[in-house]
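Q:
There are 2 protein chains.
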Amino acid sequence: MVTQVEVAKKAGVSFITVYRVLNNKGYVKKETREKVLKTVKALNYYPNHIGQALRKKKVNTIGIVIPEPPNVPVHGMEYYNMLMQGVDRFAIMHNYDILLSTYKQNDPKADYYRLYFQRKVDGLILFIPDMRCLDMNQIVKKKIPCVIIGERPIDHHISYIDSENFDGMYRVTEYLISRGVKKIAFIMGKPYMRNTIDRVNGFLKAMEKNGLPVPDYYIIKGDYTIISGITAMKKIILYKELPEAIICSNDHMAMGVLSEAKKAKIRIPEDMSLVGFDDINIAALIDPPLSTVRQPLFDMGFKASEILFKKIENPLHDCEIKVFPVELVLRKSII
Amino acid sequence: MVTQVEVAKKAGVSFITVYRVLNNKGYVKKETREKVLKTVKALNYYPNHIGQALRKKKVNTIGIVIPEPPNVPVHGMEYYNMLMQGVDRFAIMHNYDILLSTYKQNDPKADYYRLYFQRKVDGLILFIPDMRCLDMNQIVKKKIPCVIIGERPIDHHISYIDSENFDGMYRVTEYLISRGVKKIAFIMGKPYMRNTIDRVNGFLKAMEKNGLPVPDYYIIKGDYTIISGITAMKKIILYKELPEAIICSNDHMAMGVLSEAKKAKIRIPEDMSLVGFDDINIAALIDPPLSTVRQPLFDMGFKASEILFKKIENPLHDCEIKVFPVELVLRKSII
DNA sequence: CTGAAAGCGCTAACAC
DNA sequence: GTGTTAGCGCTTTCAG
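If you read the protein sequences in the order shown, they are chains A and B. Each residue of the first sequence is one higher than the one before, counting from 643 in this note's numbering. Each residue of the second sequence is one higher than the one before, counting from 643 in this note's numbering.
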């Protein structure tokens, strides 16, 4: 392995000079500097990150904690990728790398903080953590630099990023109503997730405000997977009367509904309007293109990265909370 | 930060005893062992990975090198995710973590090996690297533990994983021919990629073997993006006569073709059959569901991880090459 | 302008 | 059974 010392030997100087040249610290004679740089190139020397890290107590690495890919039914991998892009972009700009850590969903033994305690990372970004299993006290007690995306811890000493789930559903429901739609069914996501609650409440609020009744059987359970959309639609088809619209808590379930509707020769949007949430890439490509609510995922990831970065560089930095606005994306699945 | 020494102090032993307990090395009295374990728990001590790494010259981390997500037109993020799942599964089983590194496509200055030279990782898996910019001599000269997925270096001292691209296209073409289809157009991927060449050759071989002519204008350029599928289809529509089938080098382009076909009121499969490659998740969900060729992506990632692991644990381990068979997935887009 | 020496947390060879 | 000591590659303080 090529070390400072080796470079120094070859260049006929002491290792400290090598250090100074590479870190622009202290004065080094021009010729010496050039000689050093030449040997660095010649030997293909890279500063050993482990040595640096041990000394500086900083590894310049961010940990992203994410459910195991096979169990990513929540919004699909695409959702996570978009967030990750944002995180990565900011991280690269500030010389951080990204370490990936997956955990099994609903596993009470999942060790969300391992990478931090091991000092493999300087801080963590948790993507939609399973709040039933996450011990959030640790974050505060152990002062773990940490940002949560997609959930909202009650503890006000924890930074998080989310989007206006309530508002998005509220607005898209209002839009449907403005188009004359009255009988609207709603398919929910996993019941223990905060965004599930917010989304259904946004829907209910809009209905209530417009004096529209929502019978119990118009609120159908789901779990964010395509298959749960299919199941829900099967149930709905059995109703005496089709709703005029179905709003789904995410795009995946809307796709399940759509495929089941096609089987049953129910035309979208002629017979029934359909709405999703998230605006995953496929949403624009299916037939008919899906109306949905877009979250600024890239920006959310980017911001999370930024907050975490500040916290790492300055542990006294206050925790930050940022809730991003969402955007209605109206496509042909709505009359 | 909690260190071995602190644990030792609290437990009233020397740090080496702590080390022994945690690593099951040498003999430690039962009572001492228990006392140590208790303090480890009490203090929430985790061995500092950086200290270990410096000493053992091993970071237990695998680097995955991947094009920047925004520029992942090749097969879409989904493709990479599936590979990643496989890599991750094996890695976790052997106590490795995964560090992500992105590079800009077609950037001659992209530093593919940085993470390794910095000792942030013990080895690298390159996902479909841009062979125009990759200096492969380095892998051999610097003995970088490395596995390439989706490309085939000519140098026989480099491990790689790929799938039977030629065979897949050959078989799917033969299948079409067996269904009575004769006039088949083919949309190519990026010209500098090995799998592009293999796929088009598989197609040509099947056509040739069956004595079917392929006029030049039936081989259309593309670059694996949806948009290039759209462009290609626009061109095809202008032909005097529609081909009886279009085979695309990947599913994304097939989706582009499909959406353009719908606009032009060309029915799939009644007016024209359509075939993709990869079997990304959406393929089964679009209308009509897309016939395609599936690569065992998870297994490919898993195997890559395994080969890399062997190479890291034993640098003398021979390089390995594994080409996975593919599977025809016949759906309704074919007559 | 350049260098010597100490120490980050851990492991491993060697004493007691 | 338990402890001492040296050293991994780097940074930093203090000398010259």
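C-beta: ideal position from N, C-alpha, C; glycine also. This structure is a prediction, so every number in the text was calculated from the model and none was measured.
Between which residues of its own chain and B/VAL842 is the CB-CB distance below 8 Å, once the five residues before and five after are set aside?
A: Numbered from 1 along the second sequence, position 200 holds the residue referred to as residue 842 of chain B. Cβ contact annotation for B/VAL842 (same chain, cutoff 8 Å, sequence separation greater than five): MET811, PHE828, MET830, ILE861 and SER891, in chain order.
Q: Since B/GLU969 sits in a beta bridge, which residues does DSSP pair it with?
A: Taking the second sequence and counting its residues from 1, the one referred to as residue 969 of chain B is at position 327. DSSP lists B/ARG936 as partners of B/GLU969.
Q: To the nearest angstrom, how far is the alpha carbon of A/ILE976 from that of A/GLY822?
A: On the first sequence, residue 976 of chain A is found 334 positions in, with the first residue counted as 1. On the first sequence, residue 822 of chain A is found 180 positions in, with the first residue counted as 1. Cα to Cα, A/ILE976 sits roughly 11 Å from A/GLY822.
Q: Between the C-alpha atoms of B/ILE786 and B/PHE966, what's the straight-line distance to the nearest angstrom?
A: For the purposes of this step, residue 786 of chain B is taken as residue 144 along the second sequence, with counting starting at 1. For the purposes of this step, residue 966 of chain B is taken as residue 324 along the second sequence, with counting starting at 1. Taking the straight line from one Cα to the other gives about 24 Å.
Q: Determine which residues of the region 748-775 of chain B have a Cβ less than 8 Å from any Cβ of chain A, and write them out in chain order.
A: Listed by position along the chain: ARG756, LEU757, PHE759, GLN760, ARG761 and LYS762.
Q: Could you give the DSSP three-state label for A/ALA733: helix, strand or coil?
A: For the purposes of this step, residue 733 of chain A is identified with residue 91 of the first sequence, where counting begins at 1. A/ALA733 falls in the helix class under three-state DSSP.
Q: What distance in whole Å lies between the Cβ atoms of B/PHE944 and B/VAL984, which are believed to be in contact at a cut-off of 8 Å?
A: Residue coverage of chain B in this structure runs from 643 to 977, which leaves residue 984 of chain B outside it and unanswerable.
Q: Within this structure, are the beta carbons of A/LEU916 and A/ILE924 separated by less than 8 Å?
A: Your numbering for residue 916 of chain A matches position 274 in the first sequence. Your numbering for residue 924 of chain A matches position 282 in the first sequence. In this structure, A/ILE924 does not lie closer than 8 Å to A/LEU916 by Cβ.
Q: Determine whether the Cβ of A/HIS691 lies closer than 8 Å to any Cβ atom of chain B.
A: Taking the first sequence and counting its residues from 1, one reaches residue 691 of chain A at position 49. Taking Cβ atoms only, chain B reaches closer than 8 Å to A/HIS691, which makes this a yes.
Q: Should A/LYS671 be labelled buried (16 or more other beta-carbon atoms within 10 Å of its own) or exposed?
A: The residue given as residue 671 of chain A occupies position 29 in the first sequence. Classification of A/LYS671: exposed, given that the 10 Å Cβ count is below 16.
Q: Quick one: does A/TYR688 have its CB under 8 Å from some CB of chain B?
A: Here residue 688 of chain A is taken as the residue at index 46 of the first sequence, counted from 1. Closer than 8 Å: yes.
Q: Between B/PHE759 and B/TYR722, which are expected to be in contact by the criterion C-beta below 8 Å, what is the C-beta distance as a whole number of angstroms?
A: In the second sequence, residue 759 of chain B corresponds to position 117, counting from 1. In the second sequence, residue 722 of chain B corresponds to position 80, counting from 1. Contact doesn't hold; Cβ gap of about 24 Å is too wide.
Q: Could you tell me whether any Cβ in chain B is nearer than 8 Å to the Cβ of A/SER743?
A: Reading the first sequence from its first residue, position 101 is the one you call residue 743 of chain A. Answer yes: the Cβ-Cβ gap between A/SER743 and chain B drops below 8 Å somewhere.
Q: Since B/GLU886 and B/ILE826 should fall inside the 8 Å C-beta cutoff, what is the C-beta to C-beta distance between them, to a whole number of angstroms?
A: Position 244 of the second sequence, counted from the start, is the residue given in the question as residue 886 of chain B. Position 184 of the second sequence, counted from the start, is the residue given in the question as residue 826 of chain B. With 8 Å as the limit, B/GLU886 and B/ILE826 qualify as a contact, their Cβ atoms being about 7 Å apart.
Q: Can you confirm whether the region 646-662 of chain B touches the region 948-955 of chain A when touching is taken to mean that 3 or more C-beta pairs between the two stretches lie within less than 8 Å?
A: no
Q: Where does A/LYS964 sit, in a helix, a strand or coil, going by DSSP?
A: The sequence position of residue 964 of chain A within the first sequence is 322, counting from 1. Note: A/LYS964 maps to strand in three-state DSSP.
Q: Under 8 Å between C-beta atoms, does A/MET735 make it to chain B?
A: Locating residue 735 of chain A in the first sequence gives position 93, counting from the first residue. Chain B, which has no Cβ nearer than 8 Å to the Cβ of A/MET735, makes this no.
Q: Could you name the residues that DSSP lists as bridge partners for A/ILE800?
A: Numbered from 1 along the first sequence, position 158 holds the residue referred to as residue 800 of chain A. Beta-bridge pairing links A/ILE800 to no other residue.
Q: Measuring straight from C-alpha to C-alpha, what distance separates B/TYR745 and A/ALA874?
A: To locate residue 745 of chain B, count along the second sequence from 1; it is residue 103. To locate residue 874 of chain A, count along the first sequence from 1; it is residue 232. Answer to the nearest angstrom: the Cα atoms are 42 Å apart.
Q: Count the other C-beta atoms from every protein chain shown that fall within 10 angstroms of the C-beta of A/GLU902, then say buried if there are 16 or more, exposed otherwise.
A: Along the first sequence, read from residue 1 onward, the residue named residue 902 of chain A stands at position 260. Looking at its Cβ environment, which holds 16 or more other Cβ atoms inside 10 Å, A/GLU902 is buried.
Q: Taking Cβ to Cβ, would you say A/GLN937 is nearer than 8 Å to A/VAL971?
A: As a working mapping, residue 937 of chain A is identified with position 295 in the first sequence. As a working mapping, residue 971 of chain A is identified with position 329 in the first sequence. No, the pair does not count as a contact, with Cβ atoms beyond the cut-off.
Q: Scan the region 964-977 of chain B for residues whose Cβ lies nearer than 9 Å to a Cβ of chain A and list them as they occur along the chain.
A: Across the region 964-977 of chain B, no CB contact with chain A closer than 9 Å is found for any residue.
Q: Return yes when the Cβ of B/LEU939 is within less than 8 Å of the Cβ of B/MET643, no when it is not.
A: As a working mapping, residue 643 of chain B is identified with position 1 in the second sequence. As a working mapping, residue 939 of chain B is identified with position 297 in the second sequence. B/MET643 is not a Cβ neighbour of B/LEU939, given a cutoff of 8 Å.
Q: Just checking my contact of B/PRO750 with B/CYS775 at CB under 8 Å: how many whole Å lie between their CB atoms?
A: As a position in the second sequence, residue 750 of chain B is number 108, starting the count at 1. As a position in the second sequence, residue 775 of chain B is number 133, starting the count at 1. B/PRO750 to B/CYS775, Cβ: 5 Å. Contact.
Q: Based on Cα-Cα distance, which residue from B/ARG973, B/GLU955 and B/ALA946 lies nearest to B/GLU962?
A: As a working note, residue 962 of chain B is residue 320 in the second sequence. B/GLU962 has its Cα closest to that of B/ALA946, out of B/ARG973, B/GLU955 and B/ALA946.
Q: Leaving out five residues on either side along the sequence, give the residues of the same chain with a beta carbon under 6 Å from the beta carbon of B/ALA896.
A: Working through the second sequence from its first residue, we reach residue 896 of chain B at position 254. For B/ALA896, where only same-chain residues beyond five positions count, the Cβ hits under 6 Å are CYS890, LEU916, GLY918 and LEU932.
Q: Answer with buried or exposed for A/GLU673, where buried requires no fewer than 16 other C-beta atoms within 10 angstroms of its C-beta.
A: Reading the first sequence from its first residue, position 31 is the one you call residue 673 of chain A. Classification for A/GLU673: exposed.
Q: Could you please tell me which residues of the region 892-921 of chain A, in chain order, have their CB closer than 8 Å to any CB of chain B?
A: MET897, SER901 and LYS904
Q: By alpha-carbon positions, which one of A/ARG662, A/MET835 and A/LYS851 ends up nearest to A/GLY864?
A: Position 222 of the first sequence, counted from the first residue, corresponds to residue 864 of chain A. Cα-wise, what sits closest to A/GLY864 is A/MET835.
Q: Thinking A/LEU742 and A/THR703 are a contact (beta carbons under 8 Å), I'd like their distance in whole angstroms, please.
A: Residue mapping note: residue 742 of chain A aligns to position 100 of the first sequence, counting from 1. Residue mapping note: residue 703 of chain A aligns to position 61 of the first sequence, counting from 1. The Cβ separation is near 11 Å, so there is no contact.
Q: Using the Cα positions of B/GLU648 and B/ARG731, report the straight-line distance between them to the nearest angstrom.
A: Residue mapping note: residue 648 of chain B aligns to position 6 of the second sequence, counting from 1. Residue mapping note: residue 731 of chain B aligns to position 89 of the second sequence, counting from 1. Computed Cα separation, rounded: 35 Å.
Q: Is the distance from the Cβ of B/VAL935 to the Cβ of B/VAL856 below 8 Å?
A: Looking up residue 935 of chain B in the second sequence gives position 293. Looking up residue 856 of chain B in the second sequence gives position 214. Taking 8 Å as the cut-off, the beta carbon of B/VAL935 is found no closer than this to the beta carbon of B/VAL856.
Q: Which bits of chain B does A/ILE924 rub up against, with CB to CB less than 7 Å?
A: As a first step, residue 924 of chain A must be located in the first sequence, where it is residue number 282. Within chain B, the residues whose beta carbon sits less than 7 Å from that of A/ILE924 are ILE924, listed in sequence order.
Q: What first and last residue would you give for the beta strand (DSSP E) that runs through B/TYR745?
A: On the second sequence, position 103 is the one that residue 745 of chain B refers to. Note, B/TYR745: beta strand (DSSP E), 739-745.
Q: What does B/ASP730 touch in chain A if you count any residue whose Cβ is under 9 Å from its own?
A: As a working note, residue 730 of chain B is residue 88 in the second sequence. Those within 9 Å of B/ASP730 in chain A are GLU710, PRO711, LEU742 and THR744.
Q: Kindly list, in the order they appear in chain B, the residues whose Cβ is closer than 8 Å to that of A/ASP739.
A: Indexing the first sequence from 1 puts residue 739 of chain A at position 97. The contacting residues are LEU741, LEU742, SER743, LEU757 and LYS762.
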